Amino acid sequence: MVDFPILTYTIFIPLIGAAVVMFLPKERLNAVRWTSLFFSFVPMLLTFWITWDYFFNFSGTADFYYTEGPVSWIAPINVYYHLGVDGISVPMLFLTGLLSFLSILSSFNIVNRVKEYFVFFLLLEAGMLGVFCALDFFLFYVFWEVMLVPMYFLIGVWGGPRKEYAAIKFFLYTLFGSIFMLVAILILYFGSEPSTLSIPELINSAPTFLTHGMQLLCFAFFFVGFAIKVPVWPFHTWLPDAHVEAPTAVSVILAGVLLKMGTYGMLRISWPMFPDAVKFFSIPIAILGLIAIIYGALVSMAQKDLKKLVAYSSVSHMGYCMLALGAFTSVTAITGCMFQMISHGLITGALFLLVGVLYDRAHTREIAAFGGIGAKLPVYTGLMVLFSMASLGLPGMSGFVSEFMVFVGSFTSGIVWFKLITALAVLGVVLTAGYMLRMVQRVFLGEFNTAKWGGLTEINAREVITVAPLAVLTIAIGFFPAPLSNMMKATIENLVQLIAR
Amino acid sequence: MLETAYLIPVYPLFAFTVIIFFTRWNEKLSSAISIGAILIGLVHSVGVLLALISRHGLPYEVSVPFIQHPKILLEVGMWIDPLTAVMLVVVAIVSSCVQVYSLGYMHGDPRWSRYFSYLSLFTFSMLGLVISNNFFMIFMFWELVGLTSYLLIGFWFEKKTASDAGKKAFITNRIGDFGFIIGIILLFAYAGTANYQEVFAKVSAGAISPGMLTAIGILLFCGAVGKSAQFPLHVWLPDAMEGPTPVSALIHAATMVAAGVYMVARGMTVFAGSAEASTVIAVIGLITSFMAATIALTQVDIKRVLAYSTCSQLGYMIMALGLYGVDYAHHHHSVGYYAGTFHLMTHAFFKALLFLGAGSVIHAVHTNDIFEMGGLRKKMNITSITFLIACLSISGIPPFSGFFSKDEIVVASSTHPFFFVGTLLIAFMTAFYMFRLYFLTFEGSPRNQHKYDHAHESPTSMTLPLIVLGFLSIFAGWTGLPFEWFGLTGFSHFVYHGELAEHHPSYLLMAISVVVGGSGILFSYLIYKRKAWSSEAIKAKVLPIQKFLFNKWYIDELYEATIIQPTLTLARKLWWFDASVIDGMVNFAGWFTVKWADAKELFDKYIIDGAVNGIGHVCMAGSFFLRFIQTGKVQFYALVIIVTSVAVVLYKVTPQGAIIYLVLALIVGGVGLLSRLARPERAETD
Amino acid sequence: MMENFGTSLGLFWEFIKANPIFCLLAFITILSALYVVTLRNIFHCAIFLVLALFGVAGIYILLGAEFLAAVQVLIYVGAVSILMIFAIMLTAHLASKRISQNNEQTGIAIFASAGFLMVSLGSFAYSIWRVQTTELPENNTLEIGKLLMTDFVLPFEVVSIVLLAAMIGAIVLARREKS
Amino acid sequence: MMMAYLALAAILFAIGIFGVLTRRNAIGILMSLELMFNAVNINLVTFNKFIAPEGLTGQIFAIFVVVVAAAEAVVGLAIVLLLYRNWKGVDIDNINIMKW
Amino acid sequence: MPNYNLSLIIPEVFLFLWALFIFSYDLGTKRKNADSIGYLSMLGLGITAILLAYYHGGITFKNMFTSDSLALFFKIIFLGAAFMAIGSSFGLASQKIKNHRGEYYGLILISTVGTMFLASANELISLYIALELVTIPLFVLAAYYKDDKASVESGLKYMIVGAFSSAILLYGISILYGLTGTTDITLMKLHLSIVFLSYGKIGPALLIAMMMVIAGIGFKLALAPFHMWAPDVYQGAPTPITAYLSVGSKAAGVIAFARIMAGGLFAFADDVMKPLDWGMIVAIMAAAAMIIGNITALMQSNIKRMLAYSSIAQIGYLMIGMLTVTEIGMASVAFYMFIYLFANMGAFAVATIYSDKTGSDNISGYASLSKSSPLLAAAMAIFLLSLAGIPPLAGFAAKYMVFAAGVQAGYTWLVILGLLTAVVSLYYYANVIKVMYFTPHAEVGEKLHPPVAAGIVLAVGVAGIIFFGVFPNSILKFAFGTAKVFGFF
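What follows is the structure, given as C-alpha cells:
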C-alpha cells in the first residue's frame, strides 16, 4: 500500500550493514563502531516513521499495513514473502529499533573482536525486526531461528565466565522450543485446504478445519515454543544464565526484545488461531503467570548478584503478561499485556544498561560489595532509583499503567477464578517493592566505602545518552498512555473477538 | 480561579523540574524558586477557597480521559468541593511554612537544592492527591507521596537507620496499598468507573451488594491504614522520624499521613454504605489512638513522642469518621464527619507547630533526648511559647483550636459508650504526655549543662513559621464556632457529608472534655514540675508495663519474627530450589553417570565442561554406552545385519517369535562372549 | 508322531531314489562347505572350497546351465581358488597353526544362520511360485552369447569396467612401495 | 523339485553366513563369501529353469555375479595382503584399532 | 543388433574414457605432477556435467538405462560429490600418495561412472553391477594409505561388510526374480500385481526379498542397524574418500533404494507385510539411525568419526522422506541429498585441510582456529549449522521438506523424534563451534593455507548452502520434477 517497501528496508538494512562491516578492516575500530551505529540508526528512524505514520493514519482499524507481498518465495511448498504490521507489531518494531540502536551505542566499549561483535549484532537486529513483520509462517520461523545463531555467538564469545554453558543452554533451550512450533506449523499447513502458510489466512481458517483435540495439540506445541522464549515459569532456567553471562548490550536485547517475542507470538498466532484451546487453557496459563510473578519476585529477592536480580525480576514481570494473556476475554487485559511488554522492555533494558555501567567501573556486581554509592555518583544513582521505581510499578511511570491495566483487565475478565488469581498477583507488587528497595538501599544508600570505591567515576555522557530516551519514554507512557493504547485499540479489540469465536 | 485550580499542583511540579534539571548548582536560587512556587500556590488555593465559599460550596469538576477503552475509562481531572479547598489551603500553608523554616534548619546541607526539589515534588503530589477526582488518580498521587516520603526519610542516606526507615515506610505503605488497589479494582469491576461522583451515585443507588461494599470499604481502608499509620501498619511512622525534622513536620505530621484520613472522608459514601466497614474503621482508629497514646507516655525521644501523638490523633479522626459511618448506616446523623475533617485541619496546624518547635529545640541542643534538655524556656522564648500554645491546643483547652475539634469528636463518640470512654481516656493521656514533654523540655533546671550552655534561639527564618502556625493553632479552630459571624457560616456548614444537619453544642460534653484535658495537664505538672511524686518511683511501680510500652508493645519484633524473616527465608529457599531443583531436575540424570569411577575423567572432559542440562546428561550417558556397541569387530557388524534382518522377517510371521528369537540371540551371544572372556588369552597367531 | 516321522523319512528316501545325482552333489557340496567354515587348517579349507565349487558346478549342469558350469569351473576353480591358495601361501606360516579358527561368535552365528535358514525355507514353502512347464531352450550357450551381445550388452560392458577397476585397485594395493 | 534346489541354496547361503560371522582368518571369510555368492547363483539358475525358462536372464545374471564375485575376491585378497604386511597376520580379531 | 540410442550414455562413456586418460597421463608423466592431474580430473567432471546437460531424457537398453529427471538430478549430485572430493584431495595427493595419484583420481572417477550408471539403472542386473562398480573402487580407496593400519583396517572392514551385504542383496534380488521371472523393475511390478490379483496373495518370500534388499542397500546408506561399519571406515579412510563415501555412495544407495522400493515394491507393501509394512520397518530403522547417530556422536573426539555418526543420523532424516513415498516425500529426498552434498562435503573439506596441515583429526585441536584462520572457521561453522538445520542455511529448508513429508504422511511421531534428535545434534555441532570460537586458547596456531582447489570447494559449499537456503525455489522445482518419475500426479 505504501509505494516503497519500508518494512523490507527496515529488516534488510542491518543485514547490509553487517555485510559492510564485514569488509571493513579489522583494525579500524572506530570505523566499525560508527558504521554499525549508522546501520542501526537508519532502521530506527524507519521504525519511528512507521510508528508515527501508523499512529496518525491507520490506528483506527485492525488490518495489516505496509503489507508487502505475498510474493512467491518457495513456490512448491507455498511459501510466500509476506510482511505487514498492525497495532501489536508496530510498538514492538519501535522498541526493537530503539533498543538495538541504544545497545550498539552502549557496546562501544567492547574491545575484543570488535568487528565480529557488530556483525553478529546487526544480524541479530535483522532477525528480530523480521519476526515482528513476518506474516508467513515459514518466514516467521526463519527469522525466529535466525536470531539464535548471532545470539549464541554473542553470548559465547563476549560473555562472562560461564559463557559457554550459558550460550549452549540458551541455544538448545530455544531450539527445543521452536521445533515443536515447526511441527505445529506443518500440521496447520497440511490441515488447511488449500494448503497455506499465511498467518492471516490460517487465523481465519484454523478453527474451522482443526478438531478440538488438534487445536489443543497445536496450541500446546506453539505454547512450548513461545513459553520458553517468554520464559514462562518452569521453562525459565535458561534466562538467568544467559542474562548474567551475556555482555550488557546483549542482556538488554535479550530482556528488551527476545522475551517479548514469546508473548508477541502468542498474541499474533496462538491466541487468535486456537480460540478453543485458549479457552481451555486460560486458567492454567494465568496460574503459571501467577507463579512466575510471585516466584520470580521471591527468587530475585534472594539474589546477591545485581544482574541476576534484574534477570529474575523479568521472570516476574513477564508473569504479568501471562496473567493478562490468560484473561483472554478482556481487551483491557490484553492491552495491559502489551503495555507490560513495552514498559518491561524499556525499564529492564535500562536497568541492564545501568548495571553494565556500574560493572564496567567496579568490575563486580556483588550487591554486598557496594554501599553508599549514591554519595559518590548522584546522577547514576538518580537514574538507577528512577528505573527501580519504574520497575516496581510506581505511578507516573509505564510500569504502573501496565500492571494496573493487567489487574483490572484480568479481574474484570468475567472468569471466576481470575478474581482470586489477580488478588494474589497483586502481592507481587509488594514483593517487587521489597527486592528493588533492598537493592537500592544496599547499593546506593548507607555508608560509603571511600577506600574501596573512591575511584568510581560518574556515569559519562554516552552512557547517559543511552539511558535517557528510555527514561523519557518510561515517564511519557506513564503520564500519557492514551496514544499508545489508541494505537493498539482496534487491533486488540479485533483480537479479542477472534478469540471469542 | 476554580477553572485554573489545576495549576495549584503544577507550580511546585514546575519548581521541581526546574531545580532538578537547571538550578541544582545554585542553592539560593533553587530554594527561592521552590518557596516562590508554593507561595503562589498558597495564594491561588486561598483564592479557590474564597471562590468556593462565594458559591456556597457548590462543587466544581473537570476531567479528561487518560486511557479510554470500551471496558475501562481512566480519566484525570479535578474535583473541588469544600473539603478539597480546605485541604488545599492547609497543605499550602504548612508546606510554605516548612519550606521557609527549612531555610534555617537545613542551612549548610550539601544536598540543599535536592532537598527543596523533593519538598516541591512532595507538595505537588500532595496537592494532586487532594485535588484529584477519581480513585485511580488518587492512587497515582498516593504512590507518589509515598515515593517522596521515601526519598525524604532517607534523605541522609549515609545513616543506615535513615535508609532503613525509608525502606520500611515504603514497603509498609505498599502492603496497605495492596489492599487499596484491590479495592479500587473491585470498584472498577462493580461500579465500572473510578470517578468519585459516579461511584457514589452507584453506591447510593445500591448497585453494589452490601457484602461486596463491606469488602471494598475494608480494602480501601487498608490504604488509609498504611498511609495514616494506623494499627497494624503504624510501625513505619516513628522510624520515619529519621528524616529531617521539617520533613517530619510536613509529611509525617501535617499532610501526608493525613491523606489516609482525607481519603476516608472523601470516600465516606462508600464506607458509610456498610456499617461493618465503618465499625472496623472506628475500632481500628480507637485501637491505634489508644495504643499510640500509651506508648507516647514512655518515650524519651522528643520526636518519637510527637510521632506517636500523631498516630494517636490520626486514630482519633479515623475513629470519628468511622463512627459517623456507623451512624449513617443506621440512618441517623452524627457530627463525626465534621469532627474528623475539622480535627484534620486544626491538627495539621498545631502538630506542624509542635514538630517545628521540636526541630528548633533539636537545632539548638543537638539531641532528641528530652532528659538531656530542661529549662530551655529562658534560652528560647518564641519556641517555648509557641510550643506551649500547641500543647494547650492539642490538649483541648479553650480557646485553642484543638479544643473545638476535639470537643466535636467527643460529641461524636458520646452516643457510643465504649468509644466515649476511650476517647476521654485518650484525651487525658494526650494532655499528660504533651505536658510531660513540655515540662521536661522547657521548664525546670537544665539536666545537661553543657548542651544548655550552647543552646540559643533559632534564626528568624525558623521562628517566623512558628509564629504563623502559633496564630493558626489558636484561631483556626474558631471557624468551628457553631454560629455565623461576618455572614460566614461555620466549618460545619461548609464541609459536610450527605445532607446538612443542624446540631447544637452540648456544653456538658465540652466541660467534661476540658476537665479531662485539664486533669491530664495537672498530673504531669505535679509529677514533672512540682516533683510531687517522683516519676522514677512510679516507673518502678509499673516497671513491666512501662517496659512493654517503652518497647512499643513489641510489635516491630513481632513483625520481624512472623513476616519479614519468613519471607526472606522463603526467598532463599526458592532460590535454592531454582538453582538446584529445577535446573537439577534437568541435571539429575547426569548425577549418577558421574558416579562411574573409571569413566570419571572422560566425563569431566566431555560432560562437566559442556553439559547443557539433564537431557544433555542422559544423552551423554547414552552416548557413553552406545559407543560400546561399536566393538570394532567387523564380524559383529555382519552379525547385527543378519540377526536384525531375520528378526524383522520373523516379526511378520510371528511377532512373539521375533521377540523370542532376539532374546535367545542375546543370551547365546552373551554366553559366547563370556566363555571367550573366561578363556585365557590364547597364543598370538604369529 | 512316530509314524509321521517315518512317513517323512520315507518320503525323503523316495526323493533320494528319485534323483540320486542331485542328492550326491548336494551332499558333497554341503559337507565340503561345512568343512570350509569349520576346519582349523585354512589350507584344507581352500581345498574343500574347490570341492564345494565343483559340486555347485554339477548342480548347474543338472539345472541345464552348462555354460555357467564351465564358467564356474574356469573362474572359480581355476582362478579364484588358486588365488586364495596363493594368498594362503603368502600369509603362509599360520597355515599349520592348530588353534581354533572360529571366534567367540560361533554360538550366536549358528543361531543366526539357522534362523535365516528356517525363515527363508518357511517363507519359500508358503509363497506363490508360478512354475512353468516349458523347458529351457536347447544348447542355451549360443543363446547366452547372443543375449550378452544384445540385451545385456550394457551390463556386459559395465562389468568389464568393474574388472578393470578391481585389477587396477588390486595392483595398487598389492604393489610393494620402494621407499 | 525346485524346492530342493532352493533348500540347497539356502543351506549353502546359511553356511556362508556362518563362515563370515565366525572365521578368524580373513581368507576364510573371503571363502565363505564365495559360498554365499554360489548359493545366490544356484537360486538364480533354479528360478531360471523353473520360473522363467523362456529367457536366460537368470543364467546371465549368474555369470555376472561370478565375475563380480571374482573381482571382489581379487580386491579382498589384495587387502588381505596389506593386512599381513601391517599386522604380520590375518587374524581379524586383532584388527580393531578403530572402535567406539 | 537392435539399435539402442547410444547418445544417452555419452556422459558415462566420456567419464570412463577420461578416467583411462588420467591413468595413462599419470604414467606418461612419470607421476611428477601433483596438481595438474587433479585439475584434469575436475575438468573431466565438469565436461561430463556439460555433456549431461545435452544428452539426457530417454530410455535405452531395455530399461537398463533410464535417463529420466531423477537420474539427471542424482548424476549432478554424484558429479558434485566427486568434484568436491577430488578438489579437497590435493593436499594428501601432494604428500601421502605420491606414487598412485593417477589411480587415486581415476578410481574416484570410475566409482563416479558407476554411480551414474546406477542412477539410470531401472533393472536389477544393471543396478547390481553398477552398485558393485561404485563399491569396489571404494574398497581400494578406503585402504589407500597402504602402510597406515587405520586405513587398511577401514578398507578391510568396508570390503567384508560390503561383500557380505552385496551377497545378501543378491539373495533378495534372486528371490524377486524367482517371484516374477524378470529383473526389470517396472515389469516386476506388473508381474507382482498379476500374481496378487490372480492368487490374492504373494507370500512371505516377497517379505524376505524386501528385507534383504533393504539390508543390502541399507549398508550403502549406513542406515541403522546396517550402519556399524560406517564410523570405523570413515575414520580410517583418507578424508576425501570418507567425504565421498558419506555423500556419493550414500546417494547411490538412496537412488537404488528409491528405484527398487519406492519405484517397484511399495505398492505391495501393505498386503504382504501387515502389520509391519516396509514403510514402518524403514521408519523404525530411521528412528534408530537418528537416535544412535546423534546420541553416539555426542562423545566423539575425532571429527571424522563425529561426522560419520552425524551422517548416519542425516540418513535417518532422509529416510523419513523416503518412506512416505509421496510426491513431496520423494522430492524432499532428492532435495535433502542435494543440500547434504554441500554441507557434508564442505565439513569434510575443512577437516581434510586441517588434518593435512596438522595430521590430527582431534576436535580439541580446532581451538584457536577462529583466530588463526577465521575464514576456514567461519566456513566450518556455516557447514555445521547447516547440518544442524538452522535457517536460513539450506540445511533447514531440506529438513523442513523432509519433516513436512513426514507430517503429511502421518509419521508425526517420527518427525517429532527427528526434531528432538536434531536438537541433540545441535549440541555436538555447536561443540565444534564452541571449540573454534569460545574456548580461550593459549597460543594461536599458524594460519592454514588451503590449496586453491580446496578453497574452491569451500567457496562452492558455502555459496551453495547460503544461496539454496535463501532461494531453494529453482532446485526444489527440479526435485518435484524428479518425483514425477514415481508416477504421482
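Residue numbers (the numbering used here), protein chains in the order written: chain Z, 12 to 512; chain A, 5 to 690; chain P, 103 to 281; chain B, 9 to 108; chain L, 548 to 1036. Beta carbons: idealized from backbone N, C-alpha and C, even for Gly. Computed from a prediction, not measured in an experiment: that's the story for all the values here.
- For I187 (chain P), the CB contacts under 7 Å within the same chain, skipping 5 residues up- and downstream, are A148 in chain order.
- Residue environment analysis places K463 (chain Z) among the exposed positions, since fewer than 16 neighbouring C-beta atoms fall within 10 angstroms of its C-beta.
- Taking the beta carbon of P257 (chain P) as reference, the chain L residues within 8 Å of it are M611, I672, S673, I676, listed in sequence order.
- Contacts with chain L at 9 Å (Cβ-Cβ) do not include G221 (chain A).
- Between G936 (chain L) and F943 (chain L), the CB-CB gap stays under 9 Å.
- By the neighbour-count criterion, in which a residue is buried when 16 or more other Cβ atoms sit within 10 angstroms of its Cβ, V483 (chain Z) is exposed.
- Taking 9 Å as the CB threshold, V28 (chain B) lines the interface with chain A.
- Under the three-state reduction of DSSP output, W84 (chain Z) falls in the strand class.
- Taking the Cα positions, Q642 (chain L) is about 42 Å away from M877 (chain L).
- M82 (chain A) is bridged by DSSP to A:V66, A:S136.
- Assigned with DSSP and collapsed to three states, E377 (chain Z) falls in strand.
- Among the residues of chain L, those whose CB is under 7 Å from the CB of A268 (chain P) are I683, following chain order.
- When the alpha-carbon of P998 (chain L) is set against those of L:A668, L:D903, L:P1019, the nearest one is in L:D903.
- Assigned with DSSP and collapsed to three states, Y456 (chain A) falls in helix.
- A distance below 9 Å separates the beta carbons of I285 (chain A) and F275 (chain A).
- The Cβ atoms of V962 (chain L) and I867 (chain L) sit closer than 9 Å to each other.
- Relative to G138 (chain Z), the option among Z:E127, Z:F151, Z:F49 whose CA is nearest is Z:F151.
- Separation of G763 (chain L) and L678 (chain A) (C-alpha to C-alpha, rounded to the nearest whole angstrom) is 31 Å.
- If the five residues before and after R512 (chain Z) are omitted, its C-beta is found closer than 8 Å to the C-beta atoms of P218, P286, all from its own chain and listed in chain order.
- Rounded to whole angstroms, L14 (chain B) and E168 (chain P) show a C-alpha spacing of 19 Å.
- Counted as a single uninterrupted DSSP element, the alpha helix (DSSP H) harbouring V309 (chain A) occupies residues 306 to 333.
- The region 769 to 778 of chain L and the region 637 to 655 of chain A touch, with no fewer than 3 CB-CB distances between them shorter than 8 Å.
- Counted as a single uninterrupted DSSP element, the stretch harbouring S614 (chain L) is not any alpha helix (DSSP H) but the beta strand (DSSP E) occupying residues 612 to 614.
- R440 (chain A) has no beta-bridge partner at all, per DSSP.
- For W231 (chain P), a Cβ of chain B is located within less than 9 Å of the residue's own Cβ.
- With contacts defined by Cβ atoms closer than 9 Å, V415 (chain A) and S282 (chain A) do not form a contacting pair.
- M251 (chain P) counts as exposed, since fewer than 16 other beta carbons sit within 10 angstroms of its beta carbon.
- The Cβ atoms of N669 (chain L) and G810 (chain L) sit closer than 9 Å to each other.
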